[in-house]
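Numbering (the numbering used here), first residue to last: 2 to 102.
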């Protein structure tokens, strides 16, 4: 994923070694990690969005580069299941889940 050293080390210390493990975490989970702040969250969201993925609690279709891109037509009742940014649920054996950070 080509993360900054700080973000990578924080995730590694927390036991997050693959993209699949990362997308099962919510933003709140990541903020609980020592030295992992808002800038690291933004970085992770951008990198995941580039892969067509999102964090567990990100609304479908949310583009992290611009808050203005959020449209009120999105359903706020996000189910909380791990899924790709396009709304498809993860399946076992999907290569994107096991990509190394």
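Just so you know, even glycine gets a beta-carbon here, dropped at the ideal spot from N, CA and C.
So which of the options has the shortest CA-CA distance to residue i?
i: residue 33; options: 5, 2, 12, 51; result: 12
i: residue 36; options: 49, 56, 5; result: 5
i: residue 29; options: 46, 54, 50, 51; result: 46
If you draw a straight line from the C-alpha of residue i to the C-alpha of residue j, how long is it?
i: residue 102; j: residue 24; result: 11 Å
i: residue 16; j: residue 39; result: 20 Å
i: residue 43; j: residue 50; result: 10 Å
i: residue 3; j: residue 20; result: 12 Å
i: residue 74; j: residue 18; result: Because the pLDDT of residue 74 is 46, which lies under 50, any placement of that residue in the model is unreliable, and the number read from its coordinates should be weighed accordingly. Roughly 35 Å between the two C-alpha positions.
i: residue 53; j: residue 22; result: 15 Å
Compute the distance between the beta-carbons of residue i and residue j, then report whether it is under 8 Å.
i: residue 7; j: residue 41; result: yes
i: residue 56; j: residue 26; result: yes
Return helix, strand or coil for residue i, following the three-state DSSP convention.
i: residue 54; result: strand
i: residue 18; result: coil
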